[in-house]
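As structure tokens, the structure follows; a few thoughts come after it.
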């Protein structure tokens, strides 16, 4: 009967001694607080358990705070900063000026159907409906002569002309040719005129030098109130919009009115907004988008993206899908509606446009926006003495001509600086690493080097395990 040899305990003892040496080596050199008291021999054994509990508790606390940091980082919080940027190369924004009246009375054809159309489109008709409760009269059935192109040409021809409306255009005390520097454009307010300082434009104004106090734009405007007719606005005066260069203005929603008979000084400041795109939430639960490369085309120009232009474009596309034509006062390359198409299709759909239609438009707020904040100061256009003098030399018919028709408009920057409002990430990877170092030092008295020490210990210890396992396998064979 053979007897199996009992394995020697010497290899096991040798492995235990080697592993213990590794642990003891780490315990003596570890910079993590508490490890030395746990591993190395102590006069009182209970100290090991106390330090073990403390180390476990502090490690858990460190892990919990790191979890909170990464959870907050994953929510992408933002902070806002406000800075003032001084510059010497400010330029005037585009300045769009609209007469409150859309149609010059003397330029309207003697067509009852056309006049009825203008009345039905006017603010006066809306006020009569609201005040008296009477139904809006329908436009008489038209003839085929009132086509879309005819109505478009009528709107362009019947507007107030540059040469009649703008009496003086002055920049840096130098007279400008108003007809050269003013560009006619169709807007949601009707036909308007735009001054621009864009150097790429064929009607560029000189570059603004804010350090010169003489740098203001002066316009003397004659609104021709005695030629007013039914219009989409019932006010008298002009609507002025300051907007970014090469963007499409929306005078119906933005800008300020200037009344006749006044000298109005407009000083404005510039504010530049810079928001963070996805995954950050720039506006509560919504985000902005980087859309600098998007443009909207009209029949004559290409305009940079803006939210207002996008919404207008979306509504126009909706109406075109319903009626296969475009309103003759709108922008866009689509064919214009005839009078019959206006009556039977476009006007009913325009009146039924709701917030639901607009909410279906994908018109995000761009992450880079520039706004102009205007401040107005108003005085009478002229003193009684000046009015009497102008009447006596036959420059004006009467003092009422000034009070009812003339506007002296002066526009300039209020400062040679821009306000920069910018969003920044509240938590960054660099910030998390800084907090990690602070929390590690606070809870376990460790640093990044301490982590490398722990990593080194684990590698050596695992190496000893693998070495012992390999030797044990060879001896069995």
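In the working numbering, the protein residues as written are 912 to 1388.
The beta-carbon is built from N, C-alpha and C at its ideal position, and this holds for glycine as well.
In the DSSP assignment, residue 1150 forms a beta bridge with 1009 and 1168. Unbroken alpha helix (DSSP H) runs of no fewer than 4 residues, entirely contained in the region 964-1019, are not found. Apart from the 5 residues on each side of it in sequence, residue 1316 sits with its Cβ closer than 6 Å to the Cβ of 1133, 1134, 1136 and 1171 in its chain, given in chain order. Just so you know, the alpha carbons of residue 1152 and residue 984 end up roughly 41 Å apart. Taking 8 Å as the cut-off, the Cβ atoms of residue 1294 and residue 1302 do not count as close.
CA-CA distance, residue 991 to residue 1226, rounds to 34 Å. Note that the C-beta distance between residue 1104 and residue 1093 is below 8 Å.
Taken through DSSP and simplified to helix, strand or coil, residue 1349 comes out as helix. In the structure shown, the three-state DSSP call for residue 1320 is strand.
For residue 1128, the uninterrupted beta strand (DSSP E) run begins and ends at 1128-1133, by DSSP.
For residue 1217, the secondary structure class from DSSP, reduced to helix, strand or coil, is coil. In the pairwise beta carbon analysis, the region 1027-1034 is classified as touching the region 1139-1147: at least three pairs are separated by under 8 Å. Rounded to whole angstroms, residue 1190 and residue 1282 show a C-alpha spacing of 25 Å. By the Cβ-count criterion, residue 993 is exposed, with fewer than 16 other Cβ atoms from all chains shown falling within 10 Å of its own Cβ. The beta carbons of residue 1155 and residue 1277 sit no closer together than 8 Å. Residues of the same chain with a CB within less than 6 Å of the CB of residue 1019, apart from the 5 flanking positions on each side, are 1069 in chain order. Secondary structure of residue 1339 (DSSP, three-state): coil. Contact holds between the region 1053-1067 and the region 1234-1247, because three or more Cβ pairs, one in each stretch, are under 8 Å apart.
Excluding its 5 nearest sequence neighbours in each direction, residue 1005 has C-beta neighbours in its own chain below 6 Å: 1105, 1107, 1154 and 1156, listed in chain order. Looking at 1377, 987 and 1318, the one whose alpha-carbon comes closest to that of residue 1175 is 1318. By the Cβ-count criterion, residue 1166 is buried, with 16 or more other Cβ atoms from all chains shown falling within 10 Å of its own Cβ. Three or more Cβ pairs closer than 8 Å define a contact, and the region 1327-1342 meets that threshold against the region 1179-1193. For residue 1322, the CB contacts under 6 Å within the same chain, skipping 5 residues up- and downstream, are 1128 and 1177 in chain order. Here residue 1174 carries a strand assignment [DSSP, helix/strand/coil].
The DSSP-derived three-state label of residue 1084 is coil. When the Cα atoms are used, residue 1232 and residue 1095 turn out to be separated by approximately 28 Å. In this structure, DSSP gives residue 1291 an extended state, which the three-state scheme calls strand.
Distance from the CA of residue 1314 to the CA of residue 1074, rounded to the nearest whole angstrom, comes to 20 Å.
A residue is called buried once 16 or more other Cβ atoms fall within 10 Å of its Cβ, and residue 1077 is buried on that count. The alpha-carbon separation between residue 1040 and residue 1288 amounts to approximately 35 Å.
With fewer than 16 other Cβ atoms inside 10 Å of its own Cβ, residue 1090 counts as exposed. C-alpha of residue 1300 to C-alpha of residue 1011: approximately 29 Å in a straight line.
According to the DSSP assignment, residue 1103 belongs to no alpha helix (DSSP H) but to the beta strand (DSSP E) extending over 1101-1106.
Here residue 1027 carries a helix assignment [DSSP, helix/strand/coil].
For residue 1097, the uninterrupted beta strand (DSSP E) run begins and ends at 1094-1098, by DSSP. Fully enclosed alpha helix (DSSP H) runs of no fewer than 4 residues occupy 1218-1234 of the region 1218-1260, in order along the chain.
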